[in-house]
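Each remark here refers to the structure printed beneath this line.
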Amino acid sequence: MNNVIVFPMVLPLLTGIILVFFRKHIQLQRWMSIGVMAFVAGISLYILNLIQTKGILRLDFGGWEPPFGILFVADSFSALLVLTASIVTAICLLYAFFSIDRAREEMFFYPFVLLMVAGVNGSFLTGDIFNLFVCFEVMLLASYILISLGGTKIQLKESVIYVAVNVLSSWFFLVAVAYLYGTVGTLNMAHLSQRIAESGQTPILTVISILFLIVFGLKAGLLLYFWLPGSYSAPPTAVAALFGALLTKVGIYSMFRMFSLIFYHEPQVTHTLIGIMAGLTLIGGSLGAVAYRDIRLIVSYNVIIGAGFILVGLAVSTPAAIEGSIFYLVHDMISKALLFLLAGTMIALTGHAKMERMSGLIRNYPVLGWLFFIVMLSLAGIPPLSGFLGKVLVSQGAIESGSYILLAISLISSLFVLYSLLRIFKQCFWGETTISEDEEVPLGKGMLIPAVLLAAASIGLGLGSELLAGYVRDAAVTLTNPNVYIEGVLVQDE
Amino acid sequence: MEILITILSGVLVTAATYLILSKDLLRVILGSAILSHAVHLLLMVMGGLKKGTVPLLGEKPNTYTDAIPQALILTAIVISFAVTAVFLVMAYRMYQETGVSRHALLRGNKNE
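Protein sequence lines, in the order shown, are assigned to chains Z and G. Going by my numbering, the first sequence opens with residue 1, and the numbers climb by one from there. Going by my numbering, the second sequence opens with residue 495, and the numbers climb by one from there.
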């Protein structure tokens with residue numbers, strides 16, 4: 001049965017609801033939440049392998065045949081992202097055990113994380129555009145709470161901006177859905193794609209596609225990223241790591257779905273626009289990453305650079321570039337979480353967020369320093385680590401299609417990533433040790449183990465990319481041939 | 495009829511944009527509420543306002559109005575209600591915490 005593909009959304013949802021009733025039982029909340037995320041990771045690995053043998057999986061809710069009912073569709077792309085999201089969430093939860101204060105834990109921290117992940121997994125798996133909107137809102141409402149939970153001044157100030165921007169982008173989403181329904185008369189993604197292919201992408205549909213571009217640009221930090229650095233540096237570390245790893249990636253995923261499955265008929269308009277936006281995002285993100293001296297802001301601008309880089313692959317849209325983007329997306333989720341965790345740990349240990357206030361940390365915390373070194377090389381794309389293959393494939397795609405400007409910008413941005421992080425490494429880990437032996441804050445194992453796990457995942461992803469290559473190739477085939485998806489959804493198999 | 499409602503929702507969007515760009519947080523929230531009214535109207539228009547009875551099977555007429563936009567609007571209303579409630583409480587907390595209701599006054603590093 002295909003019922004298994006509903007579990008990545010339903011299990012976190014149910015567990016989240018159950019945990020609401022056990023507010024004071026912190027141990028129960030901790031172990032149940034991490035247990036369910038590990039279980040979901042296992043299930044999504046099973047789904048991923050099932051897709052390789054049985055093709056695209058589909059689950060019609062209530063037995064209504066596709067264009068009429070809501071459905072979940074799992075292809076390799078979404079299963080891969082669900083798997084990565086679940087693993088990253090489990091590790092971030094482990095970090096939260098040791099870093100989140102008791103007051104926050106008692107105020108439903110774990111239920112809200114689980115509800116947010118339910119929204120994220122639902123967005124990855126849904127095959128219906130209005131259902132995608134609803135899953136986005138599930139994710140966003142939980143994230144509103146997580147960003148303001150604790151109620152410090154800076155959190156409240158940033159959360160107000162964050163909520164206002166997301167209300168606006170959700171509004172644009174609804175407007176786009178309304179126009180799309182008015183023009184095409186359906187909400188199922190595969191059916192939409194089929195109808196648009198039959199009638200050709202008229203100018204009005206291109207306008208609607210640009211509206212979707214604005215919506216997902218706001219969510220993913222593509223050019224419209226002005227809200228992102230502030231919002232991602234306000235919440236506690238574990239929450240910021242979850243945001244940096246998951247939230248923008250959902251926007252990127254939706255953009256891939258929209259512009260490879262539905263609006264792929266006018267690439268000279270839409271894909272050129274994505275290319276321009278991705279190029280400007282890379283430039284803006286690079287400037288931001290080298291301009292600030294606050295570690296949290298530098299890390300947040302690196303999220304923006306990552307989003308720009310992945311969308312260069314979509315703008316180019318050759319099979320190699322799409323494959324590279326998928327590799328890079330998986331890598332980015334893991335290493336951005338790691339980067340946020342390390343930056344948060346550094347701030348927790350020294351009590352400062354400014355670079356010039358810390359120095360010589362490598363002497364006090366050698367493991368932390370070398371972990372930071374690994375994630376820096378991994379994000380810059382140094383060969384044995386995970387960022388390399390994605391960058392190579394995207395660059396190869398850009399050369400094949402002759403977009404040399406985008407190629408140049410994306411490669412130069414890698415240098416900026418390296419420079420901005422090397423600056424943190426050099427300033428904070430090298431130099432004279434300012435913390436004396438007895439003033440040293442002990443770095444607990446609990447804060448180190450999650451980071452070690454993520455670093456191991458990043459190295460494993462780089463060395464074992466051959467293991468992943470089969471899944472990624474299958475995902476890229478589905479993304480570049482919309483008919484595979486449409487047949488998987490609309491052809492009745494019973 | 496469609497044209498009239500479209501113009502109405504356009505007016506609502508104009509008012510909402512003006513309110514959202516103002517300095518006071520409460521006006522921003524009002525603007526976002528008006529914005530959601532505008533899009534709910536737009537969803538209804540997009541389903542078509544052709545004459546037909548309410549979508550109840552007991553009515554037994556020749557035509558019904560399209561039921562899908564109504565379901566979509568119902569969902570969107572509940573969501574925007576929840577978001578507005580959260581937003582209002584957040585604004586209230588911010589006012590309690592900082593003593594200002596104008597978010598423009600919260601710029602700079604003083605509040606960090």
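Ideal placement from N, C-alpha and C gives every residue a C-beta, glycine not left out. Since this is a predicted model, take the numbers as computed values, not measurements.
Contact note: residue 498 of chain G does not reach chain Z at a C-beta cutoff of 7 Å; the least C-beta distance is about 16 Å.
If you check each beta-carbon in the region 177–195 of chain Z against every beta-carbon of chain G, the ones closer than 7 Å belong to 178, 179, 181, 182. Rounded to whole angstroms, the gap between the alpha carbons of residue 176 of chain Z and residue 350 of chain Z is 47 Å. Following the DSSP letters along the chain, one finds residue 474 of chain Z inside the alpha helix (DSSP H) bounded by residues 465–480. For the pair residue 229 of chain Z and residue 155 of chain Z, the CB atoms are not nearer than the 9 Å cut-off. Residue nearest to residue 474 of chain Z within the set Z:36, Z:52, Z:13 is Z:52 (criterion: CA-CA distance).
Around the CB of residue 29 of chain Z, 16 or more other CB atoms lie within 10 Å, so the residue is classed as buried. A distance below 9 Å separates the beta carbons of residue 315 of chain Z and residue 275 of chain Z.
Residue pairing from DSSP places residue 128 of chain Z in a beta bridge opposite Z:188.
Spatial neighbours of residue 22 of chain Z in its own chain (CB-CB distance under 7 Å, excluding positions within 5 residues in sequence) are listed in chain order as 28, 29. Residue 244 of chain Z sits away from residue 413 of chain Z, with the two beta carbons spaced by 9 Å or more.
In the three-state reduction of the DSSP assignment, residue 59 of chain Z falls in the strand class, which pools E and B. Counted as a single uninterrupted DSSP element, the alpha helix (DSSP H) harbouring residue 10 of chain Z occupies residues 7–20. A Cβ-Cβ contact shorter than 9 Å links residue 330 of chain Z with residue 80 of chain Z. Using a CB distance below 7 Å, the part of the region 126–141 of chain Z facing chain G consists of 130, 134, 137, 141, ordered along the chain. Look at residue 596 of chain G here: in three-state DSSP terms it is strand.
With a 10 Å radius around the Cβ and a threshold of 16 neighbouring Cβ atoms, residue 302 of chain Z comes out buried. Chain-order list of chain G residues neighbouring residue 164 of chain Z: 514, 522, 526, 581, by C-beta distance under 8 Å. Using a CB distance cut-off of 9 Å, residue 171 of chain Z counts as an interface residue toward chain G. Take residue 318 of chain Z, set aside five residues on each side of it, and the residues of its chain with a beta-carbon closer than 6 Å to its own are 397, 400, 401, in chain order.
Secondary structure at residue 332 of chain Z: helix, using DSSP grouped into helix, strand and coil. The three-state secondary structure of residue 74 of chain Z, taken from DSSP, is strand. Under the Cβ criterion (8 Å, minimum of three pairs), the region 97–107 of chain Z does not count as touching the region 53–61 of chain Z. Inter-residue distance for residue 84 of chain Z and residue 118 of chain Z is about 14 Å (C-alpha atoms, whole angstroms). For residue 397 of chain Z, the nearest beta carbon of chain G is not closer than 9 Å to its own beta carbon. At a cut-off of 9 Å between C-beta atoms, residue 501 of chain G does not count as an interface residue with respect to chain Z. Residue 555 of chain G is outside the set of residues whose beta carbon lies under 9 Å from a beta carbon in chain Z. When DSSP reads this structure, residue 485 of chain Z sits in no beta bridge, so it has no partner. Judged by DSSP in its simplified three-state form, residue 391 of chain Z adopts helix. Scanning G:584, G:519, G:590, G:570 for the CA closest to the CA of residue 538 of chain G turns up G:570. Under the rule that a run must span 4 or more residues, the alpha helix (DSSP H) segments found entirely inside the region 402–429 of chain Z read 404–424. Rounded to the nearest whole angstrom, the CA to CA distance from residue 74 of chain Z to residue 2 of chain Z is 10 Å. Taking a beta-carbon distance threshold of 9 Å, residue 542 of chain G counts as an interface residue toward chain Z.
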